[in-house]
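In UniProt numbering, the protein residues as written are 1 to 196.
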């Protein structure tokens, strides 16, 4: 049986962590990016389908392609971030299910009901985006997730084959907390949950 994490780990992952939008100029290395994926890939998804795909935008040319897709308020902070991750989902993720979920013919579920492909891909890829944020925090990075971008324009700029569709962007780096707005309040347990 697993044991609870120490308070310091819980603070780093949850209670003291926050979305940040300014970062130091310290680069995020390839090794850290690869370690981040090696952590996030273990998070559960429906049928172990793993529909999320990731583009780690770091180079000047790639940032220049991303810039026109961003809303005005997100452009400067994204271009200044050491790395921006495009989290997308694969519209054909179910084709890999015989390999990823061999215990059951999950591919057959989607073959019989193709209308389930997109919502399932979106839901599991959203979970995977959450795992990405937690993995980043676990490795000492800060994250600034956002949806203020033109997903179709990102798809045109980065996904030529139309198989992938952009879900959200996550700026990553070593955050600057000075001058950040106060953290927003959170709802209390009895406002959002009950035990039956």
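We put the CB at the ideal spot given by N, CA and C, even for glycine.
So what does DSSP say about residue 129, is it helix, strand or coil? helix
Per DSSP, residue 53 is paired with what? 88
Are the region 101 to 113 and the region 57 to 77 in contact at 8 Å, needing three or more beta carbon pairs? no
Pick out the complete beta strand (DSSP E) segments inside the UniProt domain "Nitroreductase" (16 to 174), 3 residues or longer, and give them in chain order. 52 to 57, 83 to 90, 142 to 146, 164 to 173
Just to check my reading of the structure: residue 136 and residue 143 have Cβ atoms closer than 8 Å, yes? What is that Cβ distance to the nearest angstrom? 5 Å
Distance, residue 92 Cα to residue 114 Cα: 10 Å
Tell me which residues share the same chain as residue 174 and place their Cβ nearer than 7 Å to its Cβ, disregarding the 5 neighbours each side in the sequence. 23, 24, 26, 141, 142
Inter-residue Cα distance where the pair is residue 31 and residue 38: 10 Å
Candidates 169, 76, 111, of which the one nearest residue 56 by Cα: 169
Cβ distance (whole Å) where residue 139 is taken to contact residue 35 below 8 Å: 6 Å
Cα-Cα separation between residue 116 and residue 179, rounded to whole angstroms: 44 Å
Report yes if the C-beta distance between residue 54 and residue 87 is below 8 Å; otherwise report no. yes
Less than 7 Å between C-beta atoms, sequence neighbours within five positions excluded: which residues of the same chain meet that for residue 133? 143, 145, 170
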